[in-house]
Amino acid sequence: MAQTERLDAALASVQSAAIDGRMRNVRTRQKQLVSLFKSLTKHASSFIDALQKDNSLTKEEANIVVSAMLLEVRQHYDNIDFKKELAQEYNVRWGKSWAGRRVAVPLVYIVPQDFTKGFNVFSALSAAIEAGSCCVVELPNLSDQITTIIREVMEAGLDKEAFLTIPSRAPDSFLEQCLLVDQIHKSSGASIVGRSLISKPSGRIVAIVDRTTQVERAVKEIFASRMQYGGQSNYAVDQVFVNEFVAHEFLAALRKQFLTHAEALDQIVNDTHARDNRPEKQSLHSKFDTDHCEVIGSQGNARAVLVKSRSSQLLHEKIEGRLLVVHKITSLDDVIDLILSRDEPMNALFTFADGPEAKYLSQFIPSAVTFVNHIPAELLIGPTGPTGYPVRPDLRYVREMFEEPSPQIVPEGKIHAASNVWKLRNTSRSAAILAHASEPLKPIDQAAAGAWGFFETGVLLGAAVYILPVVLGTIAGATYTGIWAYRRILS
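Below, the structure written as structure tokens:
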């Protein structure tokens, strides 16, 4: 009971800070981000050690994750323009409209995903601070080190009345007042009334390798996405569909990657090897035989398999760990039909192809985002991008996600005041207004009827290229013959 009372009191404190507009002041937001950045840098080495232990990352990978976390906070701090925001605040005072005005959502509630949890929390938190929101972060009491460090960073670097961590789900009455940042999207979670930023980690990541691409470059990108961070990245490629004309070259390059990175793949981080022997992993590997799979590369706990049967679930499910699934396709239409045969969400599509082919694939395969001929390194860290917003590799969350439109409009130029319309009730001007509004739309900007179209233009061009020289040659020959004959007669 005492713990519940303390939780209620802490939530009430954050709620009061939100109502008072504690974070609306530009200088306050800047100071909070500066303090947060200092606290993060102070705990950087602790984060690196914890990532190696809790997420089974190498030291180099942990360094990259912590660097990405710091860069996110830095970017949100740099985005705040004090002079610009101050000038906009006084637009109405000086008789100017501010049609693009946005205000921060007062309260934000963050439910972070476990993988790279520190990055997940502070990428969302720093964006919310830039906007001017107070935040509550749900951090269950787990045995992992990262959770403890996150609490220490927030307590040391942020206003304790405006930012809070809690070990369990807040009451529904509190959640209804918050913008929910849900990075795990479990359907069993409490229903939230109001806005939300939902990440859906269950969405698949697909790569398509066309015959027009540089195969070796495609292999390097795809291999790195699946093998880095223990294969835990939300944007690691799940399935690779390779055109059969370059399949042999692709598989050879993939085997070469296993040989090149054999030492790195053999590296055992904490209990990674023990986890690979879990029943679910064994059952997954047992599918290789039943689904007509051929192992084309293997090193340590990493595998690459060529799936020969389209009935295999491996072609349609979210893949875990260092397992790369490859399947051959015959054409662009073939892979489009295969992917669309199941109504499944796709978080990202990586197309390795020339421009026309990449355009065709991205046009007919629905996906939250499409990347052409590369896989952004920044994308492999953190949660999936929230649905309904553009996916950005540089920032997982942006200020606008934590704001609502609230424009301020003053009379400028030609206006239609309500009182002016009221004056028309006993006049004939309303009929004139209706007549003006009923005027035909401008004509569509296209060729007039009977004009030469694409086909006709092609025929005409062909005639000019192939027939015209023959005709001109015939005329020239006839003219020359006539002149020669005329001279003979005169002589």
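Residue numbers for the sequence shown follow the numbering used here, beginning at 2 and rising by one.
Here a beta-carbon is modelled for each residue, glycine too, at the ideal position from N, C-alpha and C.
Given the structure is predicted, the values throughout are model-derived calculations rather than measurements.
Just to confirm my understanding: we take residue i, look at its own chain, exclude 5 residues before and 5 after, and list those with CB closer than 8 Å. What are they?
| i | result |
| --- | --- |
| residue 337 | 362, 365, 366 |
| residue 316 | 240, 308, 326, 328, 339 |
| residue 141 | 148, 168, 169 |
| residue 266 | 228, 259, 300, 301, 302, 303, 323 |
| residue 86 | 27 |
Report all residues from its chain with a CB closer than 7 Å to the CB of residue i; omit the five preceding and five following residues, and keep chain order.
| i | result |
| --- | --- |
| residue 129 | 109, 136, 403 |
| residue 13 | none |
| residue 398 | 124, 125, 128 |
| residue 8 | 167 |
| residue 255 | 220, 224, 297, 298, 305 |
| residue 263 | 300 |
Which term fits residue i, buried or exposed, when burial requires 16 or more other beta carbons within 10 angstroms of its beta carbon?
| i | result |
| --- | --- |
| residue 118 | buried |
| residue 77 | buried |
| residue 346 | exposed |
| residue 6 | exposed |
| residue 65 | buried |
| residue 344 | exposed |
| residue 455 | The predicted position of residue 455 is uncertain, since its pLDDT is 46 and thus under 50; a value taken from the coordinates is nonetheless stated next. With fewer than 16 Cβ atoms within 10 Å of its Cβ, residue 455 is classed as exposed. |
| residue 173 | exposed |
| residue 222 | buried |
| residue 383 | buried |
| residue 416 | exposed |
| residue 330 | buried |
| residue 200 | buried |
| residue 226 | buried |
| residue 298 | buried |
| residue 186 | buried |
| residue 62 | buried |
Would you check whether the ligand HEM has a heavy atom nearer than 7 Å to the C-beta of residue i?
| i | result |
| --- | --- |
| residue 366 | With respect to the ligand HEM, the structure shown offers nothing to examine, as it has no ligands at all. |
So if DSSP puts residue i in a beta bridge, which residue, or which two residues, is it bridged to?
| i | result |
| --- | --- |
| residue 240 | 207, 326 |
| residue 103 | 406 |
| residue 139 | 167 |
| residue 299 | 304 |
| residue 110 | 137, 181 |
Give me, in chain order, the residues of the same chain whose beta-carbon lies closer than 6 Å to that of residue i; leave out the 5 immediate sequence neighbours on both sides.
| i | result |
| --- | --- |
| residue 224 | 258 |
| residue 175 | 12 |
| residue 208 | 223, 238, 241, 351 |
| residue 431 | 425 |
Taking C-beta to C-beta, are residue i and residue j nearer than 8 Å?
| i | j | result |
| --- | --- | --- |
| residue 72 | residue 42 | no |
| residue 314 | residue 202 | no |
| residue 81 | residue 30 | yes |
| residue 120 | residue 69 | yes |
| residue 378 | residue 349 | no |
| residue 233 | residue 59 | no |
| residue 261 | residue 354 | no |
| residue 247 | residue 216 | yes |
| residue 210 | residue 244 | yes |
| residue 103 | residue 441 | no |
| residue 36 | residue 158 | yes |
| residue 358 | residue 341 | no |
Q) Quick one: any contact between the segment 97–105 and the segment 403–412, if contact means 3 or more CB pairs under 8 Å? A) Yes, since at least three Cβ pairs between the segment 97–105 and the segment 403–412 fall closer than 8 Å, the two stretches touch.
Q) Three or more C-beta pairs closer than 8 Å, one from the segment 240–257 and one from the segment 389–396: is that the case here? A) No: fewer than three Cβ pairs fall under 8 Å.
(Q) Counting beta carbon pairs with one atom in the segment 51–71 and one in the segment 369–376, are three or more of them shorter than 8 Å? (A) Verdict: no, contact absent.
Q | the segment 14–25 touching the segment 151–168, judged by at least three CB pairs closer than 8 Å | A | Judged by Cβ distances under 8 Å, the segment 14–25 makes contact with the segment 151–168, as three or more pairs qualify.
Q | Three-pair Cβ contact test at 8 Å for the segment 146–161 versus the segment 175–185 | A | Not touching, per the Cβ criterion.
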